[in-house]
Amino acid sequence: TGHGLQGRPSTGAWVVYGLGSPSRDLPGFVVLDGGLTPPGGLDNFSSGFLSARYQASILKPGGEPIANIARREPSAVMQQRKLSLIETLDRQGLTHDGAAAQVEAALANYELAARMQLAVPELVDLRGESATIRSLYGLDAEFPPTRTYAMQCLLARRLVERGVRFVELTCPKVAGDRWDQHSDLKRGHENNARAVDQPIAALLQDLKARGLLDETLVVWAGEFGRTPFAQGRNGRDHNPFGFTIWLAGGGVRGGTVYGATDEYGYKAVEGRTTIHDLHATMLHLLGLDHERLTYRFSGRDIRLTDVAGEVIRAVLA
35 TGHGLQGRPS
45 TGAWVVYGLG
55 SPSRDLPGFV
65 VLDGGLTPPG
75 GLDNFSSGFL
85 SARYQASILK
95 PGGEPIANIA
105 RREPSAVMQQ
115 RKLSLIETLD
125 RQGLTHDGAA
135 AQVEAALANY
145 ELAARMQLAV
155 PELVDLRGES
165 ATIRSLYGLD
175 AEFPPTRTYA
185 MQCLLARRLV
195 ERGVRFVELT
205 CPKVAGDRWD
215 QHSDLKRGHE
225 NNARAVDQPI
235 AALLQDLKAR
245 GLLDETLVVW
255 AGEFGRTPFA
265 QGRNGRDHNP
275 FGFTIWLAGG
285 GVRGGTVYGA
295 TDEYGYKAVE
305 GRTTIHDLHA
315 TMLHLLGLDH
325 ERLTYRFSGR
335 DIRLTDVAGE
345 VIRAVLA
């Protein structure tokens, strides 16, 4: 969200609000859950004060990908009758208490959910993917977290192909927390890298081979790095003063390094940027002016970048 307090719209919600979504049968904003929701819970993917139609839908890594994706009614006809009744009651309610935007968003979500019952099973059915692609991503890897992330990355590509505007992946759970090694950092980071390196490389390679990379912005980011000094049993503490984010595809200048830390790797001393600069740059690459992407709420025009943010032009192609 770019803010420390909960309740603001997430980046994905802002992007779908600004650009809409080409997909009719899938949400514009999808989160592929690696098995461990980040601190803050579902607020990480919230639409905040934007319309509920911009809220993320979360696909789980195993079992039923989305709750109630298989209808509980004995027939499609009965399900449609229930949906029609809900719509009738909601529209009657509009005549009494207004709140048209909220009701229209709810109706749109009901209709989308019905279409998703057909679209999601097709999305997660990988039988049409070749053995070469499955192996490229690591679906046959020995390390279970690699297989989990391979599935996420392959589904991400399939979502992009189907017109989903914003896809967010959370890292797979690897023996405790992900990347948060307050002890035994070497072993922990090696296992985390083992889980994600192959699937990430495969996703970039596959997007490029299909002609999708140039129009797809890929961002790999966390909210902080690790300190250069030790903590506990060979671990590292949180370090928000200097860390790395990388971008690929979508108008990014490849092979570019922007910014640098001090000699200890502790804090940024060259090309210092903020989260608002990152968001401004992402929106620019997606064709949106971060200063003009606003939503009227609580008496003022609010932006993803608040009242700050500069496009990092050195990383643009």
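To convert, count from 1 in the sequence shown and add 34; that's this note's numbering. Virtual Cβ for every residue (Gly too), placed ideally from N, Cα, C. Quick caveat, the model's predicted, so the values are computed rather than measured.
Residue burial annotation: Trp254 is exposed, with fewer than 16 other C-beta atoms found within 10 angstroms of its C-beta. Glu304: member of the beta strand (DSSP E) spanning Ala302 to Glu304, first to last residue. Judged by DSSP in its simplified three-state form, His216 adopts coil rather than helix or strand. A check of alpha carbon separations from Leu247 across Gly284, Val64, Leu160 and Thr122 identifies Gly284 as the nearest. Note: Glu202 is bridge-paired with Val65 in the DSSP secondary-structure output.
A distance below 7 angstroms between beta-carbons, with the five flanking residues on each side excluded, links Leu238 to the following residues of its chain, in chain order: Leu247, Val252 and Ala282. Annotation for Gln89: no alpha helix (DSSP H) segment contains it, and DSSP assigns it neither H nor E. With respect to Ile167, Asp240 sits close: the two C-beta atoms are nearer than 8 angstroms.
A residue is called buried when at least 16 other Cβ atoms come within 10 angstroms of its Cβ; Val349 meets this threshold and is buried. In this chain, the alpha helix (DSSP H) harbouring Asp311 covers Ile309 to Leu319.
Within 10 angstroms of the beta-carbon of Tyr298 lie fewer than 16 other beta-carbons, which makes it exposed.
When rounded, the separation of the alpha-carbon atoms in Leu93 and Thr204 is 11 angstroms.
In the three-state scheme derived from DSSP, where H, G and I count as helix and E and B as strand, Arg244 is classed as coil. Assignment of Thr71 by DSSP, reduced to helix, strand and coil, places it in the coil class. Annotated three-state conformation of His272 is strand, per DSSP.
For Asp218, the closest C-alpha among the options Asn268, Pro178, Glu176 and Pro99 is that of Asn268. Distances from the CA of Ala110 to each of Ala134, Leu70, Leu123 and Gln151 were compared; the closest alpha carbon is that of Gln151. Taking C-beta separations shorter than 6 angstroms and ignoring five residues to either side along the sequence, the partners of Gly62 in its chain run Val50, Ser55 and Arg199, following chain order.
Residue environment for Arg191: buried (at least 16 other C-beta atoms within 10 angstroms of its C-beta). Taking a cut-off of 8 angstroms on C-beta distances, the stretch 98-109 touches the stretch 147-165, as three or more cross pairs fall below it. Comparing alpha-carbon positions, the option among Ile336, Arg87, Gly288 and Tyr292 lying closest to Gly276 turns out to be Tyr292.
Around Thr71, the same chain offers Asn78 and Thr204 as residues with beta carbons nearer than 8 angstroms, after the five sequence neighbours per side are excluded. If you compare the alpha carbons of Thr35, Arg42, Gly36 and Gly38 with that of Ser332, the shortest gap goes to Arg42.
Going by DSSP, Leu146 is part of the alpha helix (DSSP H) stretching over Ala134 to Val158. The beta carbons of Val345 and His318 sit about 5 angstroms from each other, so the pair counts as a contact at 8 angstroms.
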